Amino acid sequence: MEKLENISLTGRKKVLEKKPMNFMERIYLPSIVQGLAITFKHLFRKKATVQYPEQKREFSANFRGIHSLKRDEEGKERCTACGLCALSCPAEAITMIADERKAGEEHLYREEKYASVYEINMLRCIFCGFCEEACPKQAIYLDGDIAPADVDRKNFIYGKDKLLEPLLK
Amino acid sequence: MEIALIIEKVILISVVLGVSLLTAMYTTLAERKIAGFLQDRHGPNRAGPFGLLQPLADGVKLFTKEEIIPGEANRFLFVLGPSLAMLMACVGTAVIPWGEELQIGDRTVSLQIADVNIGILYIFGVVALGVYGIMIGGWASNNKYSLLSAIRAASQNISYEISMGLSLIALLMMTGTLSLGEIVEQQRGINWNIWYQPLGFIIFLTCSFAETNRNPFDLVECETELVGGYHTEYSSMKLGFFLFAEYINIFVASAVMSTLYFGGYNFPGMDALAQAGVSQNWITLIGVGALLAKILFFIFFFIWVRWTVPRFRYDQLMRLGWNILIPLAIANIMVTGVVIWLTGR
Numbered sequence: 001m002e003k004l005e006n007i008s009l010t011g012r013k014k015v016l017e018k019k020p021m022n023f024m025e026r027i028y029l030p031s032i033v034q035g036l037a038i039t040f041k042h043l044f045r046k047k048a049t050v051q052y053p054e055q056k057r058e059f060s061a062n063f064r065g066i067h068s069l070k071r072d073e074e075g076k077e078r079c080t081a082c083g084l085c086a087l088s089c090p091a092e093a094i095t096m097i098a099d100e101r102k103a104g105e106e107h108l109y110r111e112e113k114y115a116s117v118y119e120i121n122m123l124r125c126i127f128c129g130f131c132e133e134a135c136p137k138q139a140i141y142l143d144g145d146i147a148p149a150d151v152d153r154k155n156f157i158y159g160k161d162k163l164l165e166p167l168l169k
Numbered sequence: 001m002e003i004a005l006i007i008e009k010v011i012l013i014s015v016v017l018g019v020s021l022l023t024a025m026y027t028t029l030a031e032r033k034i035a036g037f038l039q040d041r042h043g044p045n046r047a048g049p050f051g052l053l054q055p056l057a058d059g060v061k062l063f064t065k066e067e068i069i070p071g072e073a074n075r076f077l078f079v080l081g082p083s084l085a086m087l088m089a090c091v092g093t094a095v096i097p098w099g100e101e102l103q104i105g106d107r108t109v110s111l112q113i114a115d116v117n118i119g120i121l122y123i124f125g126v127v128a129l130g131v132y133g134i135m136i137g138g139w140a141s142n143n144k145y146s147l148l149s150a151i152r153a154a155s156q157n158i159s160y161e162i163s164m165g166l167s168l169i170a171l172l173m174m175t176g177t178l179s180l181g182e183i184v185e186q187q188r189g190i191n192w193n194i195w196y197q198p199l200g201f202i203i204f205l206t207c208s209f210a211e212t213n214r215n216p217f218d219l220v221e222c223e224t225e226l227v228g229g230y231h232t233e234y235s236s237m238k239l240g241f242f243l244f245a246e247y248i249n250i251f252v253a254s255a256v257m258s259t260l261y262f263g264g265y266n267f268p269g270m271d272a273l274a275q276a277g278v279s280q281n282w283i284t285l286i287g288v289g290a291l292l293a294k295i296l297f298f299i300f301f302f303i304w305v306r307w308t309v310p311r312f313r314y315d316q317l318m319r320l321g322w323n324i325l326i327p328l329a330i331a332n333i334m335v336t337g338v339v340i341w342l343t344g345r
């Protein structure tokens with residue numbers, strides 16, 4: 001019967017053993033020279049660094065960045081303040097106040113109800129994307145940039161001024 | 001006449017001091033840049049073109065940081081430690097021959113601050129005193145980790161100084177003089193000592209790494225075991241002095257190695273240049289350049305080894321020093337003696 005140590009079901013098993021070092025290994029200098037050669041080669045390698053503020057790496061297709069509130073083809077706001085995004089939010093980051101569309105505002109809001117205030121607290125948001133999934137009107141997407149840094153906590157509460165897509169002419 | 005000599009020496013001292021400080025300053029940058037390159041990244045490149053102003057920025061930062069002296073520390077010794085480390089690092093350059101003679105008008109200016117006939121002993125004395133800075137710094141901090149680190153520094157330096165001295169004895173048997181100026185003169189052209197003393201050089205090199213507390217022998221500073229090392233309690237420029245002294249020590253060690261084993265300011269083909277009618281001053285200046293190039297290579301080598309070889313364990317360090325390097329150095333002396341006896345040189 002074959003010995004257990006020698007059976008390799010995957011064919012990749014390697015039995016390591018600790019042999020006593022021979023003379024060349026014990027004087028260490030050859031290995032040090034070998035190591036020096038390896039590091040020296042790296043002097044001329046291409047650098048892996050991305051020079052951040054000037055160079056930016058492209059995000060993957062499913063990257064979740066800052067939220068944006070969308071408009072439809074005619075530039076009307078899609079959001080109807082149904083509150084499903086706030087309800088689905090595990091971090092309780094979204095709050096809004098609903099309002100009724102007045103006569104003469106039809107070019108601004110798509111339906112009779114809209115969000116007069118829509119705020120996301122970026123300090124609480126965990127960028128899970130549940131709001132995006134919950135929205136029945138395709139009004140919110142996490143397609144923006146990385147959340148920027150700030151020194152004031154107040155500036156992390158994003159209102160419609162920061163979230164809403166600008167009107168395209 | 002005497003006044004002229006004093007002026008000449010003062011200028012020479014200022015230039016040498018300035019050059020060594022500048023080199024040490026930019027070695028800190030080179031260390032970080034080369035570390036970056038060896039690890040496939042850029043290193044500091046924001047301050048000025050290619051990060052060249054980084055040492056200045058570091059200096060400004062160290063000078064303007066808050067100075068803290070621990071309440072239980074011995075204030076006098078606490079300040080003395082870094083000062084001593086810095087002083088001892090700086091005075092080592094005095095006996096190194098930086099070049100041949102310059103002819104200015106009818107004056108012959110020797111490019112060596114002090115051609116004492118015990119040059120090597122002087123360097124050994126200074127190197128041995130350098131450890132006092134670390135010892136005092138570690139002791140005065142009143143911190144057990146710093147003290148442990150200082151003890152390590154002391155025992156490491158003592159252990160390696162023995163084999164360093166022994167490796168040099170073989171060299172001195174060959175050259176027959178202790179004066180650095182004469183040792184360099186004997187290596188004229190490419191008749192360098194490294195061809196005759198390769199083993200001695202390797203021992204000397206290893207010991208220089210230990211004496212300057214560089215990797216793989218930098219057990220004096222060890223974040224995992226000693227919090228930081230002998231400078232744990234130091235802040236601002238006093239810490240800066242300790243770190244800076246290390247870089248000046250590297251510069252001095254590189255200069256000594258180039259002088260003793262690689263011909264100092266000698267370069268291949270210098271006699272041919274002299275025969276071709278190039279003036280002595282130009283040959284001297286090229287020689288100074290050659291010495292600086294050798295020094296820069298050794299500084300690069302120090303950094304290169306640091307980012308390649310990991311740190312020794314303390315018992316391994318001691319075993320290497322006492323059980324391997326000292327017997328090797330003694331064997332080297334024996335072999336050198338036999339060769340001198342046989343060849344009658």
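For the protein sequence lines, the chains are F and H, in the order given. First residue of the first sequence? That's 1 in UniProt numbering, and the numbers climb one at a time after it. First residue of the second sequence? That's 1 in UniProt numbering, and the numbers climb one at a time after it. Here a beta-carbon is modelled for each residue, glycine too, at the ideal position from N, C-alpha and C. Source: prediction; values computed, not measured.
- Counting along the chain, residue 103 of chain H sits inside the beta strand (DSSP E) bounded by residues 101-104.
- If you ignore the 5 residues before and after residue 117 of chain H, its C-beta comes within less than 7 Å of the C-beta of 178 and 179, all in its own chain and listed in chain order.
- With a beta-carbon spacing of about 58 Å, residue 38 of chain H and residue 80 of chain F fall beyond the 8 Å limit used to define contacts.
- Among the residues of chain H, those whose CB is under 7 Å from the CB of residue 47 of chain F are 40, 41 and 42, following chain order.
- Residue pairing from DSSP places residue 71 of chain F in a beta bridge opposite F/77.
- Spatial neighbours of residue 139 of chain F in its own chain (CB-CB distance under 8 Å, excluding positions within 5 residues in sequence) are listed in chain order as 69, 70, 77, 78, 79 and 80.
- Following the DSSP letters along the chain, one finds residue 220 of chain H in no beta strand (DSSP E), marked with neither H nor E.
- Remark: C-beta atoms of residue 153 of chain F and residue 123 of chain F approach each other more closely than 8 Å.
- Scanning its chain for C-beta atoms nearer than 7 Å, with the 5 sequence neighbours on each side dropped, one finds around residue 233 of chain H the residues 70, 73, 141, 143 and 146, in chain order.
- At a cut-off of 8 Å between C-beta atoms, residue 307 of chain H counts as an interface residue with respect to chain F.
- For residue 322 of chain H, no CB of chain F lies under 8 Å from its own CB, so it is not counted at the interface with that chain.
- Chain F has a Cβ within less than 8 Å of the Cβ of residue 37 of chain H.
- Distance from residue 187 of chain H to residue 119 of chain H at the Cβ level is roughly 14 Å; contact not present, criterion being Cβ atoms closer than 8 Å.
- When secondary structure is reduced to three states using DSSP, residue 141 of chain F falls in the strand class.
- Counting along the chain, residue 24 of chain H sits inside the alpha helix (DSSP H) bounded by residues 2-38.
- Contact between residue 20 of chain H and residue 251 of chain H holds: their C-beta atoms lie close to 5 Å from each other, under 8 Å.
- When the Cα atoms are used, residue 294 of chain H and residue 112 of chain H turn out to be separated by approximately 17 Å.
- At least one beta carbon of chain F lies nearer than 8 Å to the beta carbon of residue 304 of chain H.
- For the segment 27-41 of chain F, residues whose beta-carbon sits nearer than 8 Å to a beta-carbon of chain H comprise 29, 32, 35, 36, 38, 39 and 40.
- For residue 118 of chain F, the secondary structure class from DSSP, reduced to helix, strand or coil, is strand.
- For residue 43 of chain F, the nearest beta carbon of chain H is closer than 8 Å to its own beta carbon.
- For residue 174 of chain H, the closest of H/110, H/223, H/260 and H/136 by C-alpha to C-alpha distance is H/260.
- Between the alpha carbons of residue 306 of chain H and residue 133 of chain F lies a gap of roughly 52 Å.
- By the CB criterion at 8 Å, residue 93 of chain H and residue 255 of chain H fall inside the cutoff.
- Burial check for residue 277 of chain H: the Cβ neighbour count within 10 Å stays below 16, so the residue is exposed.
- Per the coordinates, the alpha-carbon of residue 95 of chain F lies some 56 Å from the alpha-carbon of residue 27 of chain H.
- Rounded to the nearest whole angstrom, the C-alpha separation of residue 90 of chain H and residue 240 of chain H is 15 Å.
- A straight-line Cα-Cα distance of about 11 Å links residue 64 of chain H and residue 57 of chain H.
- Taking the C-beta atoms as reference points, residue 126 of chain F is found no nearer than 8 Å to residue 166 of chain F.
- Of the candidates H/224, H/160 and H/284, H/284 places its Cα closest to the Cα of residue 189 of chain H.
- Straight-line spacing of the CA atoms in residue 155 of chain H and residue 87 of chain H works out to 21 Å.
- If you compare the alpha carbons of H/312, H/192, H/226 and H/162 with that of residue 327 of chain H, the shortest gap goes to H/162.
- Two segments are said to touch when three or more pairs of C-beta atoms, one from each, lie closer than 8 Å; by this definition the segment 197-211 of chain H does not touch the segment 97-104 of chain H.
- Per DSSP, the unbroken beta strand (DSSP E) holding residue 96 of chain F starts and ends at 94-100.
- With contacts defined as CB atoms closer than 8 Å, residue 120 of chain F and residue 163 of chain F qualify as a contacting pair.
- Take residue 132 of chain H, set aside five residues on each side of it, and the residues of its chain with a beta-carbon closer than 6 Å to its own are 84, in chain order.
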